[in-house]
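Below: one structure, written as structure tokens.
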């Protein structure tokens with residue numbers, strides 16, 4: 046099983062379940078590759094998360110669309 050880095054787990058702490066279900070698959074992908082960080086975008090339809098080559102592994106950046 047893939048282990049999330051502490052920074053990702055801390056990011057999820059206190060978030061609601063729907064948000065966690067949205068971003069966790071991308072956090073797991075990042076943790077498996079250990080190459081890139083994650084950008085979480087808040088847009089009118091909700092949240093999206095994706096790997097971002099410009100963000101170092103273990104880092105999450107929130108952005109607004």
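In my numbering, the protein residues as written are 46 to 110.
Beta carbons are placed, not taken as given, at the ideal position from N, Cα and C, and that holds for glycine.
Values in this document were obtained by computation on a predicted structure and should not be read as measured data.
With 16 other CB atoms within 10 Å as the buried threshold, where does residue i fall?
{"i": "residue 47", "result": "exposed"}
{"i": "residue 75", "result": "buried"}
{"i": "residue 105", "result": "buried"}
Who are the near neighbours of residue i in its chain, counting only those whose CB is closer than 7 Å to its CB and skipping five residues on each side?
{"i": "residue 71", "result": "83, 94, 95, 96"}
Which of the three DSSP states is assigned to residue i in this structure?
{"i": "residue 48", "result": "coil"}
I'd like the span of the alpha helix (DSSP H) that includes residue i, first residue to last.
{"i": "residue 65", "result": "62 to 78"}
For the beta strand (DSSP E) containing residue i, list its first residue and its last residue.
{"i": "residue 103", "result": "Taken as a continuous stretch (DSSP letters only), residue 103 belongs to no beta strand (DSSP E), as it is neither H nor E."}
{"i": "residue 97", "result": "91 to 97"}
Give me, in chain order, the residues of the same chain whose beta-carbon lies closer than 6 Å to that of residue i; leave out the 5 immediate sequence neighbours on both sides.
{"i": "residue 111", "result": "Residue 111 is absent from the model: the chain starts at 46 and stops at 110."}
{"i": "residue 50", "result": "103"}
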